[in-house]
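Worksheet: one structure, shown below.
Protein chains: 2
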Amino acid sequence: MLFIEPVESRKALFFCLSVLSRGACMGVIRLPGLIDPHVHMREPGGTHKEDWDSGTCAALAGGYTCVLAMPNTLPPLTDSRTLERSLAAARRKARCDYGVHLGAGAGNVQAAASLAERVVGLKMYLDQTFGPLQLGDLAALNGHMARWPRQRPLLVHAEGSSIAAALQLAWLNHRPVHVCHVSRKAELELIRAARERGALVTCEVAPHHLFLTEDDAPSLGPGRCEVRPRLATGADRDALWAGLKSGVIDCLATDHAPHTAAEKDGENPPPGFPGLETALGLMLGRLELDELVAVMHTNPSRIFGLPQQPETWIEVDPDACWVVTAGQMHSRCGWTPFEGRRLTGRVRSVTLRGRLAFRDGEVLAPAGWGQNVRSD
Amino acid sequence: MLFIEPVESRKALFFCLSVLSRGACMGVIRLPGLIDPHVHMREPGGTHKEDWDSGTCAALAGGYTCVLAMPNTLPPLTDSRTLERSLAAARRKARCDYGVHLGAGAGNVQAAASLAERVVGLKMYLDQTFGPLQLGDLAALNGHMARWPRQRPLLVHAEGSSIAAALQLAWLNHRPVHVCHVSRKAELELIRAARERGALVTCEVAPHHLFLTEDDAPSLGPGRCEVRPRLATGADRDALWAGLKSGVIDCLATDHAPHTAAEKDGENPPPGFPGLETALGLMLGRLELDELVAVMHTNPSRIFGLPQQPETWIEVDPDACWVVTAGQMHSRCGWTPFEGRRLTGRVRSVTLRGRLAFRDGEVLAPAGWGQNVRSD
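So the protein lines, in turn, are chains H and Z.
Counting from 1, one number per residue, gives the positions in the first sequence under our numbering.
Counting from 377, one number per residue, gives the positions in the second sequence under our numbering.
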């Protein structure tokens with residue numbers, strides 16, 4: 001077994017990894033615990049789709065030791081009461097470390113900042129997705145941009161020209177902004193141009209936008225292809241890969257958004273794909289290992305200001321071949337858009353804060369082993 | 377009669393006007409010909425609502441010697457053929473000077489710039505209004521921002537956060553942008569903040585947003601109150617007045633958008649108000665004369681790069697009381713949201729390029745007297 005210690009410095013990691021030759025049998029390699037800054041744990045309000053238990057089991061199975069959960073639960077996480085309800089469930093159930101993002105609503109412009117210590121970031125929805133959190137009012141959008149502490153992450157679900165709006169409001173308020181799940185070439189070009197003009201902007205991409213396009217919609221089916229942002233074109237997908245390689249895209253984030261197969265196949269299918277258990281297998285071999293660690297560990301940790309996880313690593317067999325099968329997964333949703341895909345590279349074990357938390361398909365960390373990355 | 381020569385310098389005009397004491401009988405005063413940068417002439421495709429003849433008669437009756445027409449005709453003015461069709465009608469029918477704005481469509485990103493010499497500005501619709509010109513695609517929006525000549529005006533119909541998007545795209549493309557019909561306090565604050573950070577942004581307000589609010593909707597009726605941007609709150613209206621006084625708002629633009637009374641009272645009432653014949657009467661007495669000339673003549677002329685109109689002026693009786701009556705108007709639409717309002721101050725005559733074009737309610741300029749402000 002080849003040991004590669006988790007390191008924060010991309011350069012140092014590159015040096016460690018440069019001894020490996022791609023394509024050859026590499027044995028089992030050790031990587032830092034993966035961090036997913038964008039998951040949906042569905043608690044409260046949607047625990048038939050996922051909860052803090054099943055969702056963090058899926059995370060460990062995918063090699064993630066920390067997940068940051070989005071606030072579009074039912075009710076949404078926009079006040080201290082609902083926030084405490086979700087955090088109490090996480091405290092009891094989570095098997096990997098976690099944080100939550102607060103939702104920016106029209107009604108909590110004044111109160112949001114008082115909850116900043118309890119959460120990782122503030123999430124603003126400029127466009128429509130699952131849940132009631134879309135915020136159309138300019139005064140509220142700008143109010144949140146102005147009041148949310150500058151040193152705390154502010155994340156936006158913004159598509160197309162809404163990204164331009166978010167960048168402008170962040171610029172006028174002298175604050176950084178993180179753009180979730182960039183999915184289109186034009187969006188990436190906008191972010192690159194803004195960054196070149198000095199904008200404090202980071203962004204993420206979801207695996208499904210790197211591996212699926214609108215051409216896959218027919219084979220996925222009319223409900224199962226629904227996701228926000230929508231699957232895009234092949235040209236968009238190619239631009240995302242280039243952006244990931246060139247460093248314009250900072251993070252890989254699964255946007256793990258479980259809905260049951262029955263919901264996806266029913267009337268009014270909700271948008272969203274599960275992603276925690278397939279992301280690493282998809283990315284291994286497509287990125288250099290140093291690139292992979294940067295976008296799945298180092299950059300998310302830095303951008304979201306996360307604490308180090310001591311004695312935490314994952315072991316990956318980069319040569320293990322497997323076939324994606326929803327029935328073998330830990331997520332409660334029971335389906336995956338990557339069903340039947342042959343992947344090479346799989347998580348063998350996860351060690352979280354000195355404890356073996358996952359090994360060969362089995363979650364070993366007990367419910368409650370996960371810790372909040374913020375004050376609890 | 378007191379003569380006040382048209383002057384370009386606001387300071388000089390202020391000096392001329394400072395001898396007048398407001399409220400006292402001022403006799404007939406002479407002002408520069410008014411310029412409306414935002415009207416809808418409905419030709420081609422909607423001449424039962426208005427055409428270049430009836431619309432420019434309404435303009436002269438309102439004291440306007442130059443109007444700039446929007447491209448959301450049917451078909452829209454997005455190609456040389458439709459543009460030529462509208463300009464040919466204008467050449468034959470217009471009784472005051474005119475220009476047209478080209479429409480930014482998804483299909484003319486490449487071709488628009490080649491038509492720049494024939495038009496005044498390029499109009500981009502970021503939000504929904506009357507007609508098919510809404511442009512949602514970020515790549516197309518940014519393409520127009522990048523390609524339209526920097527020295528030519530680029531106008532946006534953008535509401536709320538779409539204004540932020542337009543400002544960002546203009547900033548990234550190092551170009552000025554003009555925001556049409558600002559209607560909300562938050563929009564104005566955004567524009568002020570961007571300007572303070574160096575953004576090259578100008579904007580206009582429509583009289584109906586200065587004089588009507590959502591509280592007037594019931595008395596107007598469900599169809600007749602429809603306008604885009606919608607009527608706003610009293611707080612918004614107050615902010616617009618403050619913005620007009622402080623100079624954050626550069627222009628008064630009527631957004632004269634005639635639809636017949638039958639259309640407004642029918643199924644699916646189209647949004648829009650007529651405005652050319654009531655604007656001056658509404659504004660007289662509410663702005664100082666130097667402020668009025670700035671926002672209704674000098675600033676529009678400068679922002680839209682219009683040629684001087686030699687030997688052109690209007691004579692206004694600031695003490696004339698009258699009651700707004702649609703039946704006495706020249707617009708073909710046959711109604712006004714200001715019906716029955718008592719106004720003080722009325723146009724007595726309009727002289728356009730040395731010819732008496734309007735006097736005491738009667739249009740004297742023949743059809744075809746109007747000239748295109750661009751190469752014809």
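For glycine and all other residues, C-beta sits at the position ideal for the given N, C-alpha and C.
At least one beta carbon of chain Z lies nearer than 7 Å to the beta carbon of H:SER161.
Contact between H:VAL28 and H:VAL316 is confirmed by a C-beta separation of about 7 Å, below the 8 Å threshold.
Secondary structure within the segment 505 to 574 of chain Z: the beta strand (DSSP E) runs of 3 or more consecutive residues, fully enclosed, are 530 to 533 and 553 to 555 (chain order). In this structure, Z:ARG471 keeps its C-beta atom at 7 Å or more from the C-beta atom of Z:GLY710. Secondary structure note for H:MET124: its beta strand (DSSP E) is the uninterrupted segment 122 to 125. As computed with DSSP, H:GLU362 is found in a beta bridge with H:ARG359. H:ALA139 has its alpha-carbon roughly 34 Å from the corresponding atom of H:GLY275. At least one CB of chain H lies nearer than 7 Å to the CB of Z:GLN544.
About 17 Å separates the beta carbon of Z:ALA608 from that of Z:THR630, a gap too long to meet the 8 Å contact definition.
Restricted to the segment 648 to 695 of chain Z, the alpha helix (DSSP H) segments that are unbroken, complete and at least 4 residues in length are 655 to 659, 665 to 669 and 675 to 679, listed in chain order. Chain-order list of chain Z residues neighbouring H:GLY345: empty, with the shortest C-beta distance near 35 Å, by a criterion of under 7 Å. Taking 7 Å as the CB threshold, Z:LEU548 lines the interface with chain H. Contacts with chain H at 7 Å (Cβ-Cβ) do not include Z:LEU498. Rounded to the nearest angstrom, the gap between the Cα atoms of Z:PRO583 and H:GLU159 is 33 Å. Contact annotation: Z:VAL496 and Z:HIS477 have beta-carbon atoms nearer than 7 Å.
Segment contact: the segment 724 to 732 of chain Z against the segment 453 to 461 of chain Z, fewer than three CB-CB distances shorter than 8 Å; contact not assigned.
If you ignore the 5 residues before and after Z:TRP617, its C-beta comes within less than 7 Å of the C-beta of LEU586, all in its own chain and listed in chain order.
In the three-state scheme derived from DSSP, where H, G and I count as helix and E and B as strand, Z:ARG613 is classed as helix.
Take the alpha-carbon of Z:MET417 and the one of Z:THR449: they are about 8 Å apart. Contact residues of the segment 449 to 481 of chain Z toward chain H are absent (C-beta to C-beta distance below 7 Å).
Residues of the segment 490 to 518 of chain Z that bring their beta carbon within less than 8 Å of a beta carbon in chain H comprise LEU502, GLY512, ASP513, LEU514, ALA515, LEU517 and ASN518, in sequence order.
Taking a contact to require three or more Cβ pairs closer than 8 Å, the segment 555 to 567 of chain Z and the segment 178 to 194 of chain H do not qualify as touching. Relative to Z:PRO447, the option among Z:ALA435, Z:ARG494, Z:LEU545 and Z:ARG600 whose CA is nearest is Z:ARG494. The beta carbons of Z:VAL555 and Z:CYS579 sit closer together than 7 Å. Rounded to whole angstroms, the separation of the alpha carbons of H:VAL109 and Z:CYS627 is 32 Å.
With three or more CB-CB distances shorter than 8 Å, the segment 531 to 551 of chain Z counts as touching the segment 168 to 177 of chain H.
The DSSP-derived three-state label of H:ARG95 is coil. Within the segment 563 to 580 of chain Z, GLU563, GLU565, LEU566, ALA569, ALA570 and ARG573 place their CB atoms closer than 8 Å to a CB of chain H, listed in sequence order. A check of alpha carbon separations from H:ALA61 across H:LEU141, H:GLU43 and H:VAL347 identifies H:VAL347 as the nearest. In terms of CA proximity to Z:ALA480, Z:PRO529 leads the group Z:ALA464, Z:PRO529, Z:THR688 and Z:LEU740. By the Cβ rule, the segment 279 to 299 of chain H does not count as touching the segment 42 to 54 of chain H, because fewer than three pairs are nearer than 8 Å. Taking 7 Å as the CB threshold, H:ALA242 stays off the interface with chain Z. H:THR129 and H:HIS157 have their alpha carbons spaced roughly 9 Å apart. For Z:GLY431, the enclosing alpha helix (DSSP H) starts and ends at 428 to 437. In the DSSP assignment, Z:SER751 falls outside any beta strand (DSSP E), carrying neither H nor E.
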